[in-house]
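Residues in the sequence shown are numbered from 458 upward in steps of one, following the working numbering.
Built from N, CA and C at the ideal position, the CB exists for glycine as well.
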Amino acid sequence: MQPYFFPYIGYFQLIHSVDSFVVYDDVNYIKGGWINRNFILSQGEKVLITLQLLGASPNRLINQVRVGNNRHKLLKTIKQSYSNAPNYAEVIELIETILNSPQTNLALFLDFGLRQVCDYLGLEREWVLSSELRKDVTLRGQKKVLAICKELEASHYINMPGGMELYDSASFAQLDVKLSFIEPSFRPYNQKNSEFTSALSIIDVLMNNDLNKLGSMLNDYKLIKKSD
458 MQPYFFPYIG YFQLIHSVDS FVVYDDVNYI KGGWINRNFI LSQGEKVLIT LQLLGASPNR
518 LINQVRVGNN RHKLLKTIKQ SYSNAPNYAE VIELIETILN SPQTNLALFL DFGLRQVCDY
578 LGLEREWVLS SELRKDVTLR GQKKVLAICK ELEASHYINM PGGMELYDSA SFAQLDVKLS
638 FIEPSFRPYN QKNSEFTSAL SIIDVLMNND LNKLGSMLND YKLIKKSD
């Protein structure tokens, strides 16, 4: 998966479902996606937080983009939004560690954040950066994913639901690799709001749920197969 900025719970359910997680850092940056932005709740309203970037372009790889200078402002926004949340004290420390990272390479900054959240959640997995794997760098799309599976000797590839439009089971079967997709679950939890808002940044989930509840939420997903 491409590295995202404090992604939603489904991203971490995906990590929970695998033995090895590959951070797909050597693919093109997608403008308007979730690589550098996400939603939180502020005073009961859905608010977009965006990490400033330098040199971002669809013609550049994620690991060729730099992080901008608004991390302090984002931290202030998160503090103001969640100061009364039940797990604020411990979670804001985690978020401060991530946002205060000296790393300015976007891929490595996001990779650091994902690892820190996984450590907090107790998710210990083999962790791989796609750019560090030996493969044909001219490959694109499904062929590139298949090359990664072959390099890691994978027997089962799991992706998010959006991958159903990109990958076909027959091509993976030729390498003796099963293909599945995760169906995330958004179990409602108390947001101190009149109506539950799902699929927010993991920040909202962490702020409002203790580790026992988080463990149950990480397990709350299904694996599905594509009908070719």
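Which value, in whole angstroms, describes the spacing of the CA atoms of residue i and residue j?
| i | j | result |
| --- | --- | --- |
| D683 | N650 | Position check: residue 683 holds Lys in this sequence, whereas Asp was assumed. Cα to Cα, K683 sits roughly 36 Å from N650. |
| L510 | Q500 | 27 Å |
| G489 | P559 | 25 Å |
| L657 | F643 | 10 Å |
| I487 | Y481 | 12 Å |
| S655 | P645 | 7 Å |
| E622 | L603 | 15 Å |
| K592 | L563 | 22 Å |
| M458 | A630 | 20 Å |
| R517 | V594 | 14 Å |
| V524 | Q573 | 18 Å |
| A611 | D483 | 19 Å |
| I466 | I519 | 22 Å |
| Q521 | P515 | 11 Å |
| V634 | F478 | 16 Å |
| K503 | L632 | 43 Å |
Please report the Cβ distance between residue i and residue j, rounded to the nearest whole angstrom; I am assuming they are in contact, meaning their Cβ atoms lie under 8 Å.
| i | j | result |
| --- | --- | --- |
| D661 | I552 | The Cβ separation is near 12 Å, so there is no contact. |
| R528 | L565 | About 14 Å separates the two Cβ atoms, so there is no contact after all. |
| I639 | M617 | 6 Å |
| L586 | D568 | 7 Å |
| L531 | L508 | 7 Å |
| S628 | H613 | Actually they are not in contact, since the Cβ atoms of S628 and H613 sit about 14 Å apart, beyond 8 Å. |
Let's test the definition: count the other Cβ atoms within 10 Å of the Cβ of residue i and tell me whether it reaches 16, buried, or not, exposed.
| i | result |
| --- | --- |
| I615 | buried |
| Q537 | exposed |
| P460 | buried |
| P464 | buried |
| I492 | buried |
| L505 | exposed |
| N495 | buried |
| I681 | exposed |
Residue range of the beta strand (DSSP E) that residue i falls in?
| i | result |
| --- | --- |
| E583 | E583 to L586 |
| F638 | K635 to P641 |
| S499 | R494 to S499 |
| F478 | S477 to V480 |
| V504 | E502 to T507 |
| L680 | Y678 to I681 |
| Y614 | H613 to N616 |
Name the two residues that bound the continuous alpha helix (DSSP H) containing residue i.
| i | result |
| --- | --- |
| I605 | G598 to E608 |
| K670 | L668 to L675 |
| K649 | Taken as a continuous stretch (DSSP letters only), K649 belongs to no alpha helix (DSSP H), as it is neither H nor E. |
| F569 | L563 to L578 |
| E547 | Y545 to L556 |
| Y465 | That residue, Y465, is in no alpha helix (DSSP H); it is neither H nor E in DSSP. |
| A627 | S626 to A630 |
8 Å is my cut-off, CB to CB: does residue i come that close to chain D?
| i | result |
| --- | --- |
| N527 | Protein chains in the displayed structure number just one, and chain D is not present. |
Legend entry - Three CB pairs or more closer than 8 Å across the region 536–555 and the region 663–675: The region 663–675 and the region 536–555 touch, with three or more beta-carbon pairs separated by less than 8 Å.
Inset, instruction - Spell out a yes or no on whether the region 578–590 and the region 472–480 are touching, meaning 3 or more CB-CB pairs, one atom from each, closer than 8 Å. - result: Contact holds: three or more Cβ-Cβ distances are below 8 Å.
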